[in-house]
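Peer 1: Sequential numbering from 1168 applies to the sequence shown in the working numbering. Think of the CB as a built atom: it goes at the ideal place given N, C-alpha and C, for glycine as much as any other residue. Every value quoted in this text rests on a predicted model; they were computed, and no experiment measured them.
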Amino acid sequence: MTYNIQKLNKISPVINGVFDNKYNVVDACDDPDGIIVRSFNMAEYPVGKNLVAIGRAGAGVNNIPVADMAKCGVVVFNTPGANANAVKELVLCGMLLASRDIIGGNRWVNTLTEDVAKATEKGKSAFGGTEIFGKTLGVIGLGAIGVLVANAALALGMKVIGYDPYLTEENKAKLNAEIKVVPLDEIYAGSDMITLHVPLVDATKGMINADAIAKMKDGVIILNMARGALVNVADLKKALADKKVRKYVVDFPDETVINSDGIIVLPHLGASTEEAEDNCAEMAAKELVDYIENGNVKNSVNYPSISKERTGKARTCVLFDAAALASVEKIAGDKKVAVKGAYGYAIFDGEKPDLTGIEGIIRVRAL
């Protein structure tokens, strides 16, 4: 059997080493079996009957209608951690850009036309700044990226504190023992710099607002390489004008932040390294192959994770909503069944299960 994989963006050619001769990887397809995507907006993308999975070569899935895909039985994968080092390095760069007026100094020195060395020595004091050594960095969100940022900042001689109410044991083990995990208000009160590494959900939208900023140190630097909407820009601009906030570094340009005093805007460079693009593409491709061929789910944002070794027997994969959970569990016994939010997933090896009359079955795949 041959599977069609559609690329909705330019994707690193490393995927060619993952998709073997059973796959046709194309830029256009009327009804692909799988899709690999980066930033393409899929809000209006038509879902064909063959589509079973989407691989997002990156962490954020705001460009994919995840809930709608779940209703159609399309599993959406992302690639957490694959671009973490690239984002970490950009955060460190942002800290330095905000601490010292490197950008302003570069622009100024390129305007000089005569006796450049002498003019530079005379005028360079206008672009002085501070060092990051010894300063306190507050890391909000200790996932794959946040942990790397925290550990790197500590290695650079900073004091580091972190906040994450959902800190996993895996990430906790990766965090340097010198880094204290503290309540959010302690991050605000104790940090010279604050960096954001949380997803954009209802609870985090606009979390950096007037109330939060009022709790911060005077002259705080805020870095946002996560999602632009985490920050209330109107409140942030007022804090900049009042000198409460020294600088704001953001990797998500829009009309509200460009050409604004005190705001350093980057052109969404977080994952834009050759290495990160390769890592994300390879990981997304492997997730698609494992799901298409084996039914294994790992790093899905809309269905639960289940991975099971193939036994050589026929395999049946069942995607269902909450209404079918009790019935599917009764049929499954000790077989693999899991639920995530309103949706569930089950793997049956051997004889095909009898699902007749069960309400809430969304899709059945025979492998």
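1) How about THR1246 and ASN1466: do their beta carbons lie closer than 8 angstroms?
2) Spatial neighbours of CYS1484 within its chain, please: CB distance less than 6 angstroms, with the 5 preceding and 5 following residues excluded, ordered by chain position.
3) Using the C-alpha atoms, what's the distance from ALA1226 back to GLY1386?
4) Using DSSP with H/G/I as helix, E/B as strand and the rest coil, what is THR1440?
5) In or out: PRO1434 buried (at least 16 other Cβ within 10 Å) or exposed?
6) Pull up the distance between the alpha-carbon of ASN1252 and that of LEU1315, whole angstroms please.
7) My parser needs the alpha helix (DSSP H) runs of 4 or more residues fully inside the stretch 1169 to 1247; what are they?
8) Among the candidates ILE1431, ILE1182 and SER1206, whose CA atom is the shortest distance from the CA of ASN1176?
9) What runs of the alpha helix (DSSP H), each 4 residues or longer, lie entirely inside the stretch 1273 to 1310?
10) Evaluate PRO1213 with the Cβ neighbour count: other Cβ atoms within 10 Å of its Cβ, from every protein chain shown; 16 or more gives buried, anything less gives exposed.
11) Measuring alpha carbon to alpha carbon, tell me which residue in LEU1455, ALA1311 and TRP1275 is nearest PRO1174.
12) Please specify which runs of the alpha helix (DSSP H), each continuous and at least 4 residues long, are wholly inside the stretch 1325 to 1402, giving them in chain order.
13) Give every residue of the same chain whose Cβ lies closer than 6 angstroms to the Cβ of ASN1376, excluding the five residues on either side of it in the sequence, and list them in chain order.
14) Pop quiz: LEU1264 and ALA1319 are said to be a contact at Cβ under 8 angstroms. What is the actual Cβ separation, rounded to whole angstroms?
15) Going by C-alpha to C-alpha distance, which of ARG1274, PRO1199 and VAL1181 sits closest to GLU1441?
16) Give me whichever residues DSSP pairs with LYS1414 in a beta bridge.
17) Check each candidate in ALA1311, GLU1281 and ASP1268 and name the one with the smallest Cα separation from LYS1291.
18) Alpha carbon to alpha carbon, what distance is there between ALA1438 and ASN1250?
19) Going by DSSP, which residues form a beta bridge with ILE1431?
20) What first and last residue would you give for the alpha helix (DSSP H) that runs through VAL1258?
21) When the distance is taken between beta carbons, is ILE1328 closer than 8 angstroms to ILE1354?
22) If you follow the alpha helix (DSSP H) that VAL1495 is part of, which residue opens it and which one closes it?
23) Quick check on DSSP: helix, strand or coil for ILE1525?
24) When the distance is taken between beta carbons, is ILE1430 closer than 8 angstroms to HIS1364?
25) Could you work out which residue in ALA1234, ILE1231, LEU1323 and GLY1511 is closest to ASP1487 when comparing CA atoms only?
26) Report the partner residues of THR1483 according to the DSSP bridge assignment.
27) Helix or strand or just coil, what does DSSP make of TYR1510?
28) Does LEU1390 pass the burial test, meaning 16 or more other C-beta atoms within 10 Å, or should it be called exposed?
29) Smallest Cα separation from GLY1310: which of LEU1323, ILE1221 and TYR1333?
30) Based on DSSP bridge pairs, tell me the residues matched to SER1467.
31) Nearest-angstrom Cα distance between ASP1457 and GLU1476?
32) On the CB-based measure, 16 or more other CB atoms within 10 Å of its CB, does PHE1300 come out buried or exposed?
33) Three or more beta-carbon pairs under 8 angstroms between the stretch 1227 to 1235 and the stretch 1407 to 1425, yes or no?
34) Given a cut-off of 8 angstroms, decide if VAL1243 and ILE1231 are closer than it, judged by their beta-carbon atoms.
35) With C-beta atoms as the reference, is ILE1459 less than 8 angstroms away from SER1494?
Peer 2: In this structure, then:
1) Here the question's residue 1246 lines up with position 79 in the sequence shown. Here the question's residue 1466 lines up with position 299 in the sequence shown. For THR1246 and ASN1466, yes; Cβs fall inside 8 angstroms.
2) For the purposes of this step, residue 1484 is taken as residue 317 along the sequence shown, with counting starting at 1. The residues GLY1462, ILE1514 and ARG1532, in chain order, have a CB closer than 6 angstroms to that of CYS1484 in the same chain once the five nearest residues on each side in sequence are set aside.
3) Counting from one through the sequence shown, the residue named residue 1386 turns up at place 219. Counting from one through the sequence shown, the residue named residue 1226 turns up at place 59. Cα to Cα, the separation comes out at about 31 angstroms.
4) The residue you call residue 1440 lines up with position 273 of the sequence shown. Reduced to three states, the DSSP call for THR1440 is coil.
5) Working through the sequence shown from its first residue, we reach residue 1434 at position 267. Exposed.
6) Residue mapping note: residue 1252 aligns to position 85 of the sequence shown, counting from 1. Residue mapping note: residue 1315 aligns to position 148 of the sequence shown, counting from 1. Between ASN1252 and LEU1315, the C-alpha separation is close to 7 angstroms.
7) Correct list: 1233 to 1238.
8) Counted from its first residue, the sequence shown places residue 1176 at position 9. Residue nearest to ASN1176 within the set ILE1431, ILE1182 and SER1206 is SER1206 (criterion: CA-CA distance).
9) Within the stretch 1273 to 1310, the alpha helix (DSSP H) runs of at least 4 residues that lie entirely inside it are, in chain order, 1283 to 1290.
10) Residue numbering aside, residue 1213 sits at position 46 when the sequence shown is read from its first letter. PRO1213 counts as exposed, since fewer than 16 other C-beta atoms from the protein chains shown sit within 10 angstroms of its C-beta.
11) Locating residue 1174 in the sequence shown gives position 7, where the first residue counts as 1. The question names Pro, but residue 1174 in the sequence shown is Lys. Here the closest residue by C-alpha is LEU1455.
12) Whole alpha helix (DSSP H) segments, 4+ residues: 1336 to 1341, 1351 to 1357 and 1377 to 1381.
13) To locate residue 1376, count along the sequence shown from 1; it is residue 209. Excluding positions up to five away in sequence, the list reads ASN1399 and ASP1402.
14) Your numbering for residue 1264 matches position 97 in the sequence shown. Your numbering for residue 1319 matches position 152 in the sequence shown. Their Cβ separation, rounded to whole angstroms, is 16 angstroms, which puts LEU1264 and ALA1319 out of contact at 8 angstroms.
15) In the sequence shown, residue 1441 corresponds to position 274, counting from 1. For GLU1441, the closest alpha carbon among the candidates ARG1274, PRO1199 and VAL1181 is that of VAL1181.
16) Here residue 1414 refers to the residue found at position 247 of the sequence shown. According to DSSP, LYS1414 bridges with ILE1388.
17) Locating residue 1291 in the sequence shown gives position 124, where the first residue counts as 1. Scanning ALA1311, GLU1281 and ASP1268 for the CA closest to the CA of LYS1291 turns up ASP1268.
18) Start at 1 with the first residue of the sequence shown, and residue 1250 comes out as number 83. Start at 1 with the first residue of the sequence shown, and residue 1438 comes out as number 271. In a straight line, the C-alpha of ASN1250 is about 6 angstroms away from that of ALA1438.
19) Taking the first residue of the sequence shown as 1, we reach residue 1431 at position 264. DSSP, once it has assigned bridges, lists VAL1416 as partnering ILE1431.
20) Reading the sequence shown from its first residue, position 91 is the one you call residue 1258. That run of the alpha helix (DSSP H) goes 1251 to 1266.
21) Taking the sequence shown and counting its residues from 1, the one referred to as residue 1354 is at position 187. Taking the sequence shown and counting its residues from 1, the one referred to as residue 1328 is at position 161. A contact, by the Cβ cut-off of 8 angstroms.
22) Start at 1 with the first residue of the sequence shown, and residue 1495 comes out as number 328. Following the DSSP letters along the chain, one finds VAL1495 inside the alpha helix (DSSP H) bounded by residues 1492 to 1499.
23) Locating residue 1525 in the sequence shown gives position 358, counting from the first residue. Reduced to three states, the DSSP call for ILE1525 is coil.
24) Residue numbering aside, residue 1364 sits at position 197 when the sequence shown is read from its first letter. Residue numbering aside, residue 1430 sits at position 263 when the sequence shown is read from its first letter. When the beta-carbon positions are compared, HIS1364 and ILE1430 stay at least 8 angstroms from each other.
25) One-based indexing of the sequence shown puts residue 1487 at position 320. First, the residue type needs correcting, since residue 1487 is Phe and not Asp in the sequence shown. Taking PHE1487 as reference, the option from ALA1234, ILE1231, LEU1323 and GLY1511 with the minimal CA-CA separation is GLY1511.
26) Within the sequence shown, residue 1483 is the residue found at index 316, counting from 1. Residue pairing by DSSP places THR1483 opposite PHE1515 and ALA1533 in a beta bridge.
27) In the sequence shown, the residue the question calls residue 1510 occupies position 343. In this structure, TYR1510 counts as strand in the three-state DSSP scheme.
28) Indexing the sequence shown from 1 puts residue 1390 at position 223. In summary, LEU1390 is buried, with 16 or more beta-carbon neighbours lying within 10 Å of its beta-carbon over all protein chains present.
29) Position 143 of the sequence shown holds residue 1310. Closest by alpha carbon: TYR1333.
30) Taking the first residue of the sequence shown as position 1, residue 1467 is located at position 300. As DSSP reads the structure, SER1467 sits in a beta bridge with PHE1244.
31) In the sequence shown, the residue the question calls residue 1457 occupies position 290. In the sequence shown, the residue the question calls residue 1476 occupies position 309. Their Cα atoms are separated by approximately 11 angstroms.
32) In the sequence shown, the residue the question calls residue 1300 occupies position 133. By the neighbour-count definition (other C-beta atoms within 10 Å, threshold 16), PHE1300 is an exposed residue.
33) The stretch 1227 to 1235 makes no contact with the stretch 1407 to 1425: fewer than 3 CB pairs, one atom from each, lie closer than 8 angstroms.
34) Within the sequence shown, the letter at position 64 stands for residue 1231. Within the sequence shown, the letter at position 76 stands for residue 1243. With contacts defined by Cβ atoms closer than 8 angstroms, ILE1231 and VAL1243 form a contacting pair.
35) Translated into positions along the sequence shown, residue 1459 becomes position 292. Translated into positions along the sequence shown, residue 1494 becomes position 327. Result no, Cβ atoms of ILE1459 and SER1494 do not sit closer than 8 angstroms.
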